[in-house]
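Protein sequences appear in the order of chains A and B.
Mapping the first sequence onto the numbering used here, position 175 (from 1) lands on 175, and the numbers just tick up by one.
Mapping the second sequence onto the numbering used here, position 59 (from 1) lands on 1059, and the numbers just tick up by one.
Using N, Cα and C, we set each Cβ at its ideal position, and we do this for glycine too.
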Amino acid sequence: MKRLDYPFKKEDIKDLKVGDMVLISGKMYTGRDAVHHRIHNGTKPPIDLKNQIIYHCGPVVIENKDGTFEVKAAGPTTSIREEPYQWEVMRDYGIVGVIGKGGMGPKTLKGCADYGCVYFHAIGGAAQVLAEKIESVDNVYWRDLGSPEAIWELTVKDFPVVVTMDSHGNSLHAEVAAASEAILKDVL
Amino acid sequence: MAKKKVAKKVAKKKSINTEKVLFDSILELVRITSTVIPDDVQKVILEALEREEEKTTAEYAMNIIKANIKLAKMKSQPICQDTGTIIFKIYHPPGFHQAKFKKVIEKAVVKATELGYLRQNSVNSLTGKNDTMNIGLGHPQLNFIEHSKKGIDIKLMLKGGGCENVGAQYAMPYTPLDAGRDLAGVRKVILDAIVKAQGRGCGPGTLGIAIGGDRASGYAHAKEQLLRMMDDTNPIKELSDLEQDIVTTANKLGIGPMGFGGKTTLLGCKIGHINRLPASYYVSISYMCWAFRRQGVSLKKDNSINKWLY
């Protein structure tokens, strides 16, 4: 088990390899379909994303009467929908990590190599285990996109993920897909 | 005469009361469905965990899944944050007032959303605006089915978007795989769909499959198959054999939990068939994630919960 602690650094990211099980502690920002779409269309993100991690997640958040927020569930959403946009966010805003599920494609893999970024796979559907790792909800931006689509600024501790795409051009998703396609030919 | 009047009054009072009881029963059905994995599904998940090798990412994933199931139940919070398309099936006797029932269901869905058992999960497809309380065009999905029993049964499935997205429908013959209009062809396209889905449907998953129908009824019947118990046996021998073959073969593909690679790619496979037109032969495949959320209740006369169906 490896650890990755805030503030995140490019050197730490370079050390991570496909298959590494990692516990992340520190800050992360949720951002999914509508956020990526808006950034792609030219709107600047409301926060400085340099050396930050984006989490593909649409949490269940309850707003308490005193204005504080409580995350009731916060697992990853399918990342491949951000495939057209993710590499641009790496290039233009300097993120060092993306957390999601299901993996991403060749554009993102190239972006990871070109701009020093990794793709962390969280366990899909594990909304409670992952919500438990959230220590605080520090802020929310772009709430007009709706609660699941807004940018939630979170502080997490020991958030469990697996590196499935690293900054050296390796993708576990590409490997498993190729292997399973070869087996499929045999069993058909 | 006087007696009759009294009886009428009592009856009226009772009808108001049962509506509140019905609201409570439906809210409880939503809570349990969102937060507790049915026993039959949990059993196959734990078996899958046992199969994975130690210290692999597959075992790691299955252990987190196991911990998540426990935690969700304990905290009474959603197993998955995508609380899915809300699909109700209401089995009712003849002479049943559907519109009234629909109103109570909608009220319970709003309450469940306020309490966080359901995410704000309903988006206007034109404006992109979230309808915030899961009530909107086509949401929640209500299917009323008349049955010959006296009482009311309600089944509920919460089907997440990630797994819905990897569903597939094949019009046979499907030439890229040389798959024809027979069970051998059906087998080919099912395995193809599993490989195309990889880990994106939050595997290990369960497939509901329909052979036949049209594009709409095919998918509906495929989802209907997901209401079957995990350990049931298909009464049609050929389909029962195919179901077992699909699970065994899929688990040789090495896709594994979350697509990390591993021994369990599929937890179950349920296949049904409905008639088709001479011109069409569809195979409709509905993928259900490991967080297989479906429950049901049988209601008493006063609309309180008599028993749980899964």
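- Task: Could you check what DSSP says for LEU89/A in three-state terms: helix, strand or coil?
- Result: According to the sequence shown, residue 89/A is Val rather than Leu. VAL89/A falls in the helix class under three-state DSSP.
- Message: Can you confirm whether the segment 20-35 of chain A touches the segment 52-60 of chain A when touching is taken to mean that 3 or more C-beta pairs between the two stretches lie within less than 8 Å?
- Response: yes
- How would you call LYS77/A, buried or exposed, if buried means at least 16 neighbouring beta carbons within 10 angstroms? Inspection of the sequence shows that residue 77/A is occupied by Thr rather than by Lys. Label assigned to THR77/A: buried.
- Message: I'd like to know whether the C-beta of LYS1089/B is nearer than 8 Å to at least one C-beta of chain A.
- Response: no
- Query: Can you tell me where the beta strand (DSSP E) with GLN1141/B in it begins and where it stops?
  - Reply: 1141-1146
- Would you say MET28/A reaches chain B, if we count a Cβ-Cβ gap shorter than 8 Å as a contact? no
- Item | Secondary structure of LYS72/A, DSSP reduced to three states | strand
- In terms of residue numbering, what span does the alpha helix (DSSP H) encompassing PRO45/A cover? Careful: PRO45/A lies outside any alpha helix (DSSP H) and carries neither H nor E.
- Query: Taking the alpha carbon of ILE53/A as the point to measure from, which residue in LEU172/A, ALA178/A, GLY103/A and LEU154/A has its own alpha carbon closest?
  - Reply: LEU154/A
- What is the C-beta distance between GLY1347/B and ALA1210/B, in whole angstroms, given that I count them as a contact (C-beta under 8 Å)? An answer regarding residue 1347/B cannot be provided, because it is not within the stretch 1001 to 1310 covered by chain B.
- Query: Can you give, in chain order, each stretch of the alpha helix (DSSP H) that sits fully within the segment 1233-1270 of chain B and has at least 4 residues?
  - Reply: 1237-1250
- 6 Å Cβ shell around LEU1137/B - same chain, five flanking residues per side excluded: none
- Message: Taking 8 Å as the threshold (beta carbon to beta carbon), is ALA73/A in contact with chain B?
- Response: yes
- Going by beta carbon distance, what residues of the same chain come within less than 6 Å of LEU145/A, once the five residues before and after it are set aside? ALA34
- Given GLN1090/B, which residues of its chain have a CB within under 6 Å of its CB, disregarding the five upstream and five downstream residues? A small correction: the amino acid at residue 1090/B is Ile; Gln does not occupy that position in the sequence shown. Contacts found: PHE1144 and ILE1154.
- Query: What are the residues that DSSP puts in a beta bridge with LYS1188/B?
  - Reply: BP columns for LYS1188/B are empty, so no partner.
- Task: Have a look at MET1157/B and LEU1226/B and give me their C-alpha separation to the nearest angstrom.
- Result: 9 Å
- Taking CYS1269/B and GLY1160/B to be in contact with their CB atoms under 8 Å, please state how far apart those CB atoms are, rounded to whole angstroms. Contact flag wrong, Cβ pair sits at about 19 Å.
- Would you verify that the beta carbon of LYS17/A is, or is not, closer than 8 Å to some beta carbon of chain B? no
- Query: Is DSSP giving GLY94/A helix, strand or coil here?
  - Reply: coil
- Query: Can you name, in chain order, every residue of its own chain whose Cβ lies under 7 Å from the Cβ of GLY169/A, other than the five neighbours on each side?
  - Reply: LEU109 and ALA113
- Message: Could you check whether the Cβ of MET90/A sits closer than 8 Å to any Cβ belonging to chain B?
- Response: no
- Message: Suppose the cutoff is 6 Å on Cβ atoms and the five residues either side in sequence are ignored; what does the same chain contact list for ALA1193/B look like?
- Response: ALA1168 and ILE1285
- Item | Cβ-Cβ distance between ASN51/A and PHE8/A below 8 Å | yes
- Near VAL1110/B, which residues of its chain fall below 6 Å by C-beta distance, leaving aside the five closest residues on each side in sequence? MET1133
- Message: Alpha carbons only, please: which of GLY1256/B, LYS1102/B and ALA1067/B is nearest the one belonging to LEU172/A?
- Response: GLY1256/B
- Cross-chain neighbours of ASN1165/B in chain A, by beta carbon under 7 Å: THR78
- Item | Range covered by the alpha helix (DSSP H) that runs through ASN1063/B | 1057-1075
- Message: Is GLY1116/B close to chain A? Criterion is C-beta to C-beta, closer than 8 Å.
- Response: yes
- Which parts of the segment 116-151 of chain A are runs of the alpha helix (DSSP H), unbroken and 4 residues or longer, counting only runs that do not cross its ends? 127-132
- Task: Buried or exposed for GLU11/A, please, with buried defined as at least 16 other CB atoms from any protein chain shown within 10 angstroms of its CB.
- Result: exposed
- Could you round the C-beta distance between GLY1203/B and GLY1212/B to whole angstroms and report it? I think they count as a contact, below 8 Å. Between GLY1212/B and GLY1203/B the Cβ distance is about 26 Å, and since that is not below 8 Å, they are no contact.
- Tell me, please, whether the segment 1021-1029 of chain B touches the segment 80-90 of chain A by the rule of three or more beta-carbon pairs shorter than 8 Å. no
- Message: Just to check my reading of the structure: CYS117/A and ILE95/A have Cβ atoms closer than 8 Å, yes? What is that Cβ distance to the nearest angstrom?
- Response: 6 Å
- Query: Closest Cβ-Cβ distance between THR1057/B and chain A: below 8 Å?
  - Reply: yes
- One or two residues paired with MET21/A in a DSSP bridge: VAL162/A
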